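Novice:
In the working numbering, the protein residues as written are 121 to 1131.
So this is what it looks like as structure tokens:
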């Protein structure tokens, strides 16, 4: 067999070197093991593909590679230049590549084939029409064992020898597949090796082809199925160059000679793209590492595949630091920026913009270099031109500000492709969540505005330097001459596309008005609707939206629909009304307001503030509407002459009619104060009403002590009552709806108090010249007879009651000050009171809480049988009937004895028992009480004391119940004493009859049963 590739010579040379220097044997064995188990341990497929690519490149043919795993044998068939002696020598020599003069070759170091050692002990390779070569660990071990000088080294290594240093000639391979030129056969060492190879075949991805451009496809046959790997669907940006001698000297100073002999550099960025050309995510099978050109252990976090001729450290896993790596980092950054510029200008570009934090040192350096370039790179599509680039050399160079310095303004030029503006990140602006329609309208106001769909909060926006424009910022930009020249219809188109979910940002949105002005903010503007378009409202200073700009969005943002009623309620209208009396020309304001009142159908009292509107009186003077009366109105005939009120001018009556003038506040009837939530406090409750302060004091006296002023939910009062002359006519109005509501009492803090109107009327002579409080309802409680005069006829009882006219004694006593009023009337000598009425009044007064009454100075009493008005210093309250005989010379307050103490406390008068001791001072004879008495008085005592002349405190008396004994002088005295002693005072007369005629007992008992 011929030695095609000189393998005999190669083996002899290597064995001779090992024999001469056993250390060389050890170095080769260690080096091969390091490569196989270290830097190239998992790169078998990559190295096979790399050799295939270099063969295709050398032959100038399309590179094809077929990888087949059958059982425990892996074969790799490829197209391209066949194996030659140089190649065999390269494969059998560590760190001595045979491709160093081939530009574009992937293999650079002469160690890649060592990857087969990790899984195989007997690799072979051959080309079509030529011989083959093999390597064998077994045969190498046998040859080494024959050399005595290496026996020690071989023993120390446990028989392990370098595999690839001794090639052996092999017969030509006959199973090279059709269409391929070279075949590598690798019998795999064990099942673990088979599993490793299977995994590597499964993980083979398009990234491998992208790093080896000379290789077009890889066919992988595994478990009977064939998978073809191609690099379709990727957008690739490549760059390469050759170093000048000066650059080689500067950049390769720290690199090995083999690398300096290859003064070329190349790089490639690749990103998968979708059907629209937009970038997609890297496939999971593509390792996110730098490829140099085979995968390294340098992580790359950018979402693109990087393949570059970085200088590698001796482990072939990491990029070696140094000027060459620095140079390539800058070229990589330039190419990455070009990649972004070549991709479609959609928001997907943002996913390719790096953040600053890298996954490793190389990744971080590339990111920084890219981020340094991106903000100034025209990359983003824009709807509008970027802001003018303004340069002021004279400002920059002058030490002192020069006001006359010239400004040079340079406007950017449009894209030559005609597809719009392309701006840098620093020139761009983005609006969050804006529609395409909105952006199209406002593009003229926002330089460098990005189209819709570009996410404003994407992290890449900050990295690119894109300015984020909020909706409120856009609103602020809508100003100046450009806005003032816009037609109202343009504004309506803008309102149509504004978002409805951010009213706060639109608070200052410009609004064109019907008078030609453009104002800031919809709030306070009015949109005219049917019924208001024909009104002349200019004098009111209202902000009426131009009809061509009116849109519902303005209503959502605070504009009001300008019906006549809402125009009336507008603060500007109210301000015009409030200031009309001081206006130099109030007539236009009056006409505008009255026309609004007429169009709105307002009724009197609905808008009380209209009472301030300045109107002409019949005397030609200006009056507030609330101080004018209708000439034929109900109020005009009720008031005194020469009041401060005027009469509306006849022309107003003719033009607008009574209804409109009354609705505007002109008085047809009484004016009414109507206000919600009024604090009963002198500072808050001040409506310029006659006696309002006194009414307030009266109400507060009726309420319990409170920490804060009480609140009246609704304050309603009739004003100008003090001007009335005709009270009969006035009361007819006041007691009919709607004014009758002002008479109803108020409920404050759970207490019912009189309304202002009812209180005022109750305290003024409005009923036949008498105060309502001085009158009673005709036919009312008879106990009030004589105390109060009857109220005149003509008003219903409910109305009279609300005016304060008295109805019942109980109502009088329950009212504030009622008990004192009754005591004053009872002490009035001009008032006639009979004895039964007097007793009933005292009974009622006994139930009154003494704290409500100040003790009177004079009281109505009984003196020697007559009803008199006596001084309180002389009067006495009698609490027991046997004491009457001791106080007969004093005015007596007489009521049921059980109420005596209450009356004494109420009136601050002494009891009879407090003025006399009531001691029996005479002697008598004790006698038995007749048994018949017990038929009427079951608890009567057994005995009594009979006196011939009974003396009590020296006063002759008929009877006395003293110290548990009845003392008396006769039958009547005995009957009274026994009835009082037994608590049956009402039976005293029956007992007296029984004592006189004991035979009448059955009849008396029967009468008692009937009582």
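Using N, Cα and C, we set each Cβ at its ideal position, and we do this for glycine too. A quick note: this is a predicted structure, and the numbers were derived from the prediction, not measured.
1) Residue 295 by DSSP, collapsed to three states: which one?
2) Quick check on DSSP: helix, strand or coil for residue 198?
3) Once the 5 residues before and after residue 330 are set aside, which same chain residues still bring their CB inside 7 Å of it?
4) Three-state secondary structure (DSSP) at residue 267?
5) Could you name the residues that DSSP lists as bridge partners for residue 355?
6) Quick one: is residue 601 buried, meaning 16 or more other Cβ sit within 10 Å of its Cβ, or exposed?
7) By DSSP, does residue 128 sit in helix, in strand, or in coil?
8) Please check the pair residue 482 and residue 379, which I expect to be a contact at CB under 8 Å, by giving their CB distance rounded to whole angstroms.
9) On the criterion of 16 or more Cβ atoms from any shown chain inside 10 Å, does residue 1037 qualify as buried, or is it exposed?
10) Do residue 630 and residue 640 come within 9 Å of each other at the CB atom, strictly closer than that value?
11) Can you find the residues in the same chain that come closer than 6 Å, C-beta to C-beta, to residue 224, ignoring five residues on each side of it along the sequence?
12) Say whether the stretch 728-747 touches the stretch 811-825, bearing in mind that this needs 3 or more beta-carbon pairs closer than 8 Å, one atom from each stretch.
13) Give the list of continuous alpha helix (DSSP H) stretches no shorter than 4 residues that lie fully inside the stretch 672-697.
14) On the three-pair Cβ rule with 8 Å, is the stretch 1014-1027 touching the stretch 994-1004?
15) Classify residue 462: buried if its beta carbon has 16 or more other beta carbons within 10 angstroms, exposed otherwise.
16) State the start and end residues of the unbroken alpha helix (DSSP H) segment that holds residue 501.
17) Mind reading off the beta-carbon distance from residue 900 to residue 877? Whole number of angstroms is fine, and I expect it under 8 Å.
18) Helix, strand or coil for residue 1081 per DSSP?
19) Where residue 376 and residue 304 are concerned, what is the direct C-alpha to C-alpha distance, given to the nearest angstrom?
20) Can you say whether residue 76 is buried or exposed, counting buried as having 16 or more other CB atoms within 10 angstroms of its CB?
21) Whole angstroms are fine: how far does the CA of residue 459 sit from the CA of residue 393?
22) Distance, Cα to Cα, residue 1120 vs residue 1113?
23) In angstroms with no decimal places, state the Cα-to-Cα distance between residue 551 and residue 570.
24) Classify residue 1104 as helix, strand or coil using the three-state DSSP reduction.
25) Under DSSP, the beta strand (DSSP E) around residue 778 begins and ends at which residues?
26) Taking 7 Å as the limit between beta carbons, can you name the residues of its chain near residue 562, skipping five residues before and five after?
27) Assuming residue 591 contacts residue 619 under a Cβ cut-off of 8 Å, what Cβ separation, rounded to an integer in Å, is found between them?
28) If you count every other CB in all the chains shown that lies within 10 Å of the CB of residue 567, and 16 or more means buried, which is it?
29) Return helix, strand or coil for residue 425, following the three-state DSSP convention.
30) I'd like to check one pair, residue 261 with residue 281: are the Cβ atoms closer than 9 Å?
31) In chain order, what are the residue ranges of uninterrupted alpha helix (DSSP H) at least 4 long that sit wholly in the stretch 1018-1090?
32) Between residue 194 and residue 295, what straight-line distance do the alpha-carbon atoms span, to the nearest angstrom?
33) For residue 128, is the classification buried or exposed, using 16 other Cβ atoms within 10 angstroms of its Cβ as the cut-off for buried?
34) Taking DSSP as the reference, what is the three-state secondary structure of residue 975?
35) Let me know the beta strand (DSSP E) ranges lying completely inside the stretch 548-603, each 3 residues or longer, listed in chain order.
36) Note down, in chain order, each residue of its chain lying with its Cβ closer than 6 Å to the Cβ of residue 222, except the 5 sequence neighbours on either side.
Specialist: By the coordinates alone:
1) Here residue 295 is taken as the residue at index 175 of the chain shown, counted from 1. Three-state result, residue 295: coil.
2) Taking the first residue of the chain shown as 1, we reach residue 198 at position 78. In the structure shown, residue 198 sits in a strand (DSSP, three-state: E or B).
3) As a first step, residue 330 is located in the chain shown; it is residue number 210 there, counting from the start. Around residue 330: 351, 354, 356, 388, 390, 425 and 427.
4) Reading the chain shown from its first residue, position 147 is the one you call residue 267. Of the three classes helix, strand and coil, the one that applies to residue 267 here is coil, per DSSP.
5) Residue 355 sits at position 235 when you count from the first residue of the chain shown. According to the DSSP secondary-structure assignment, residue 355 is paired through a beta bridge with 391.
6) Numbered from its first residue, the chain shown carries residue 601 at position 481. Exposed, since its Cβ has fewer than 16 Cβ neighbours within 10 Å.
7) In the chain shown, residue 128 corresponds to position 8, counting from 1. Helix, per DSSP.
8) Indexing the chain shown from 1 puts residue 482 at position 362. Indexing the chain shown from 1 puts residue 379 at position 259. Not really, about 18 Å apart at Cβ, beyond 8 Å.
9) Numbered from its first residue, the chain shown carries residue 1037 at position 917. Exposed, because fewer than 16 other Cβ atoms sit within 10 Å of the Cβ of residue 1037.
10) Within the chain shown, the letter at position 520 stands for residue 640. Within the chain shown, the letter at position 510 stands for residue 630. Contact flag set, yes.
11) Translated into the one-based positions of the chain shown, residue 224 becomes position 104. In this prediction, residue 224 scores a pLDDT of 48, lower than 50, which makes its location untrustworthy; no coordinate-derived value is stated.
12) no
13) 672-676 and 684-689
14) yes
15) Along the chain shown, read from residue 1 onward, the residue named residue 462 stands at position 342. Exposed, by the Cβ-count rule.
16) For this step, residue 501 is matched to residue 381 along the chain shown. First-last for residue 501: 500-502, but that is the beta strand (DSSP E), not the alpha helix (DSSP H).
17) Within the chain shown, numbered from 1, the residue matching residue 900 stands at position 780. Within the chain shown, numbered from 1, the residue matching residue 877 stands at position 757. The pair is not a contact, with the Cβ atoms about 23 Å apart (cut-off 8 Å).
18) Taking the first residue of the chain shown as position 1, residue 1081 is located at position 961. DSSP, reduced to helix, strand and coil, places residue 1081 within a strand of the structure shown.
19) Walking along the chain shown from the start, residue 376 turns up at place 256. Walking along the chain shown from the start, residue 304 turns up at place 184. So the two alpha carbons sit approximately 30 Å from each other.
20) For residue 76 there is no data in the structure shown, the boundaries of the chain being 121 and 1131.
21) Position 273 of the chain shown holds residue 393. Position 339 of the chain shown holds residue 459. Cα-Cα distance, rounded: 12 Å.
22) Taking the first residue of the chain shown as position 1, residue 1120 is located at position 1000. Taking the first residue of the chain shown as position 1, residue 1113 is located at position 993. Whole-angstrom Cα-Cα distance: 8 Å.
23) Here the question's residue 551 lines up with position 431 in the chain shown. Here the question's residue 570 lines up with position 450 in the chain shown. Cα-Cα distance, rounded: 8 Å.
24) The residue you call residue 1104 lines up with position 984 of the chain shown. Reduced to three states, the DSSP call for residue 1104 is coil.
25) Indexing the chain shown from 1 puts residue 778 at position 658. From DSSP, residue 778 is part of no beta strand (DSSP E) but of the alpha helix (DSSP H) over 770-783.
26) Counting from one through the chain shown, the residue named residue 562 turns up at place 442. Closer than 7 Å at Cβ, skipping near neighbours: 594.
27) If you number the chain shown from 1, residue 591 lands on position 471. If you number the chain shown from 1, residue 619 lands on position 499. Confirmed, Cβ separation roughly 7 Å.
28) Translated into positions along the chain shown, residue 567 becomes position 447. Buried, by the Cβ-count rule.
29) Within the chain shown, numbered from 1, the residue matching residue 425 stands at position 305. Strand, per DSSP.
30) The residue labelled residue 281 in the question sits at position 161 within the chain shown. The residue labelled residue 261 in the question sits at position 141 within the chain shown. Yes; because the gap between Cβ atoms is below 9 Å, this pair is in contact.
31) 1020-1027 and 1032-1035
32) Residue numbering aside, residue 194 sits at position 74 when the chain shown is read from its first letter. Residue numbering aside, residue 295 sits at position 175 when the chain shown is read from its first letter. Approximately 13 Å, taken between the alpha carbons.
33) Here residue 128 refers to the residue found at position 8 of the chain shown. Classification of residue 128: exposed, given that the 10 Å Cβ count is below 16.
34) On the chain shown, residue 975 is found 855 positions in, with the first residue counted as 1. In this structure, residue 975 counts as coil in the three-state DSSP scheme.
35) 549-551 and 587-589
36) Position 102 of the chain shown, counted from the first residue, corresponds to residue 222. Confidence is the limiting factor: at residue 222 the pLDDT is only 49, short of 50, which leaves the residue's position unreliable, though a coordinate-based value still follows. Excluding residues within five positions, none has a Cβ falling inside 6 Å.
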